[in-house]
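Please read the structure below before turning to the comments.
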Amino acid sequence: MLKKIGIVLTSLTLLSTQHLAADTYEGTWHLRALDGMEVRKARALLEFDMDKMHLSGFDACNRIGGKLIKNTDTNITAPMLMSTKMACRENIHRWVSKRVRTVLSEGFHIKKEKKYGIKGLTLKSPSHELFFKKMVKK
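When you line the sequence shown up against the working numbering, it's residues 61 to 198, in that order.
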């Protein structure tokens with residue numbers, strides 16, 4: 061009986077820790093959809109460095125960067141982002157920028173999944189859902 065409990069606990073630990081495994085999220089991710097709407101043209105990017113718990117990228121208007129805080133095994137926050145202060149070119153850029161920043165500051169659950177026929181990464185906060193595709197180096 062104790063052996064079964066140990067196996068179950070080990071399995072649960074592995075499942076909960078794999079959500080934030082460094083190699084799973086490392087790299088640069090291109091925002092494809094925001095709340096189900098296709099937004100590739102906004103060109104928002106996020107780059108995760110899970111070993112250093114750091115985030116950098118482009119929110120569709122400005123370069124952003126900051127520390128990631130792990131709230132739970134599957135929830136992360138980036139509460140204090142550094143940013144450039146450039147004007148947004150078009151309404152879609154302003155719309156995307158505001159929502160990306162909201163997701164990062166509210167805290168988000170992160171998971172790999174397939175959506176819209178694409179393997180990618182979903183960041184889901186209480187307000188919005190962002191879906192990213194990993195960019196491949198050529």
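Note that beta-carbon positions come from the ideal geometry of N, C-alpha and C, so glycine has one too.
Per DSSP, reduced to three states, the secondary structure at residue 153 is helical.
Scanning 186, 189, 193, 187 for the CA closest to the CA of residue 178 turns up 193.
Residue 90 and residue 195 do touch by the CB rule: their CB atoms are close to 5 Å apart, below 8 Å. In the three-state reduction of the DSSP assignment, residue 183 falls in the strand class, which pools E and B.
For residue 189, the enclosing beta strand (DSSP E) starts and ends at 189-194.
Taking 7 Å as the cut-off, the beta carbon of residue 105 is found closer than this to the beta carbon of residue 117. Residue state for residue 162 is assigned as helix, using DSSP reduced to three classes.
Judged by beta-carbon spacing, residue 119 lies within the 7 Å limit of residue 160, meaning their Cβ atoms are closer than that value. Residue 191 places its beta carbon less than 7 Å from that of residue 175. Nearest to residue 153 by alpha-carbon distance, out of 99, 182, 188, is 99.
The beta carbons of residue 130 and residue 136 sit about 6 Å from each other, so the pair counts as a contact at 8 Å. Separation of the CB atoms of residue 168 and residue 143 is rounded to 18 Å, and the pair is thereby denied contact status at 8 Å. Burial check for residue 93: the Cβ neighbour count within 10 Å reaches 16 or more, so the residue is buried.
At a Cβ-Cβ threshold of 7 Å, residue 107 and residue 84 do not count as neighbours.
Excluding its 5 nearest sequence neighbours in each direction, residue 145 has C-beta neighbours in its own chain below 8 Å: 122, listed in chain order.
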